[in-house]
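Enquirer: Heads up, the numbering used here is the position in the sequence shown plus 7, with the first residue counted as 1.
Cβ atoms here follow ideal geometry from the backbone N, Cα and C, with glycine treated the same way.
Take a look at this one; I'll ask things after.
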Amino acid sequence: MTIRALVWGENIHEQKNKVVGELYPEGMHGQIAKLLGEDGEISTATAVLQDPDHGLTDEVLAQTDVLLWWGHADHAAVRDDIVEKVARRVYEGMGLIVLHSGHFSKIFKKLMGTPCGLKWREAGERERIWVVNPRHPIARGLPEHFEIEYEEMYGEPFSVPEPLETVFISWFQGGEVFRSGLTYRRGAGNIFYFRPGHETYPTYFEPMVGKVLRNAVHWAHNSDAAYTAIHDAPNVPVGATLEPIEERGPKLHADGEEGFR
Ligand code: ZN
8 MTIRALVWGE
18 NIHEQKNKVV
28 GELYPEGMHG
38 QIAKLLGEDG
48 EISTATAVLQ
58 DPDHGLTDEV
68 LAQTDVLLWW
78 GHADHAAVRD
88 DIVEKVARRV
98 YEGMGLIVLH
108 SGHFSKIFKK
118 LMGTPCGLKW
128 REAGERERIW
138 VVNPRHPIAR
148 GLPEHFEIEY
158 EEMYGEPFSV
168 PEPLETVFIS
178 WFQGGEVFRS
188 GLTYRRGAGN
198 IFYFRPGHET
208 YPTYFEPMVG
218 KVLRNAVHWA
228 HNSDAAYTAI
238 HDAPNVPVGA
248 TLEPIEERGP
258 KLHADGEEGF
268 R
């Protein structure tokens, strides 16, 4: 079975910053798509902020199994109605992988429901990523730890909800630590947050980073049909109960009524 991945890139730094543009001539999204393309079971497409509807039309979202999200400079430019549509698809079972500065994206903050704040420092520090959940599918084939020589520091406290699982913890040369690989479940959707990926460093050329992303696409993929009923809120009238019950007390709603939203 082929997993249909869509890499969404904000595509601003690549256009405005010389360093980033030279590092990622095909865009960061283009390089991330290349990493996924090393896996024959993943088919990869890309979309960017500047596309009509940010490249996230109903048709595209319906045909996406796992969405990867890289944004940083202008989270506010992402339209709220598109964010709402992406969230609906996550609840219905689309996988979502949020990368690096995507911690402040509208979609991540909506799905987390918390500020998602953290400490940071741009000093080209060595990041040592410890695999703290070695039998987790996202950690498959990884050593006990691996290093990225140049990275931005992200430090705790990271104000996200307690995760379902912690797969990675990062250490930085300056002394800070960070929960850098976290899983969540929202509705039928699997969500993975992966920390590395600062735009001025060649992080998306790191073989270990590619391995994590490919593993994460497989992990996040939900092969079940879209769970659209998750949005329903049906009224079950007295006459339809599994065992007979007697209606008591005053009521506001008529039997079978749709109810308020
Ligand atoms: Zn960064």
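What ranges does the beta strand (DSSP E) occupy inside the region 141 to 185, keeping only unbroken runs of at least 3 residues that lie completely in it?
Expert: The region 141 to 185 contains these whole beta strand (DSSP E) runs: 152 to 162 and 172 to 179.
Enquirer: Around the Cβ of Pro-141, are there at least 16 other Cβ atoms within 10 angstroms (buried) or fewer (exposed)?
Expert: What you label residue 141 is simply residue 134 of the sequence shown in a count that begins at 1. Burial call: exposed.
Enquirer: Note the first and the last residue of the continuous alpha helix (DSSP H) segment covering Val-219.
Expert: Taking the sequence shown and counting its residues from 1, one reaches residue 219 at position 212. Residue range 214 to 227 is occupied by the alpha helix (DSSP H) that includes Val-219.
Enquirer: In this structure, what does DSSP give as the bridge partners for Arg-96?
Expert: Residue numbering aside, residue 96 sits at position 89 when the sequence shown is read from its first letter. Residue pairing of Arg-96 in beta bridges, as defined by DSSP: absent, with no partner found.
Enquirer: Along the chain, where does the beta strand (DSSP E) that runs through Glu-129 open and close?
Expert: As a position in the sequence shown, residue 129 is number 122, starting the count at 1. Its beta strand (DSSP E) spans residues 126 to 138.
Enquirer: Quick test of the definition: if touching needs 3 or more C-beta pairs under 8 Å, does the region 214 to 226 touch the region 102 to 109?
Expert: Judged by Cβ distances under 8 Å, the region 214 to 226 makes contact with the region 102 to 109, as three or more pairs qualify.
Enquirer: Do His-143 and Val-174 have their C-beta atoms within less than 7 Å of each other?
Expert: The count along the sequence shown starts at 1 and reaches residue 143 at position 136. The count along the sequence shown starts at 1 and reaches residue 174 at position 167. The answer is yes: Cβ separation under 7 Å.
Enquirer: Hey, how far is the Cα of Gly-217 from the Cα of Lys-258?
Expert: Taking the sequence shown and counting its residues from 1, one reaches residue 217 at position 210. Taking the sequence shown and counting its residues from 1, one reaches residue 258 at position 251. Approximately 57 Å between the Cα atoms of the pair.
Enquirer: Can you list the residues near the ligand ZN, meaning Cβ strictly closer than 5 Å to any non-hydrogen atom, in the order they appear in the chain?
Expert: Ser-108, Glu-159 and His-205
Enquirer: Check each candidate in Lys-25, His-82 and Val-14 and name the one with the smallest Cα separation from Ile-49.
Expert: Counting from one through the sequence shown, the residue named residue 49 turns up at place 42. Taking only the C-alpha atoms, the option nearest Ile-49 is Val-14.
Enquirer: By Cβ distance below 6 Å, which residues in the same chain neighbour Val-26 in space, the five residues on each side in sequence not counted?
Expert: Here residue 26 is taken as the residue at index 19 of the sequence shown, counted from 1. Counting only Cβ-Cβ distances below 6 Å, and skipping sequence neighbours, we find Thr-207.
Enquirer: Based on the DSSP output, what are the partners of Val-105 in its beta bridges?
Expert: In the sequence shown, the residue the question calls residue 105 occupies position 98. The partner list for Val-105 (beta bridge, DSSP) reads Trp-76 and Tyr-200.
Enquirer: Taking His-110 and Tyr-200 to be in contact with their CB atoms under 8 Å, please state how far apart those CB atoms are, rounded to whole angstroms.
Expert: Locating residue 110 in the sequence shown gives position 103, counting from the first residue. Locating residue 200 in the sequence shown gives position 193, counting from the first residue. That pair is a contact at about 7 Å.
Enquirer: Quick one: what's got a C-beta closer than 7 Å to His-152's C-beta in the same chain, skipping five residues either side?
Expert: Numbered from 1 along the sequence shown, position 145 holds the residue referred to as residue 152. Once the five neighbours on either side are set aside, the close Cβ partners of His-152 are Arg-135, Ile-136, Trp-137 and Val-138.
Enquirer: Might you give, ordered along the chain, the residues of its own chain that have their beta carbon closer than 6 Å to the beta carbon of Thr-53, omitting 5 neighbours on each side?
Expert: For this step, residue 53 is matched to residue 46 along the sequence shown. If we look at Thr-53 and ignore the five residues flanking it on each side, its Cβ neighbours are Val-14, His-36 and Ala-40.
Enquirer: Curious, which full-length beta strand (DSSP E) runs of at least 3 residues does the region 23 to 96 contain?
Expert: 49 to 55 and 73 to 77
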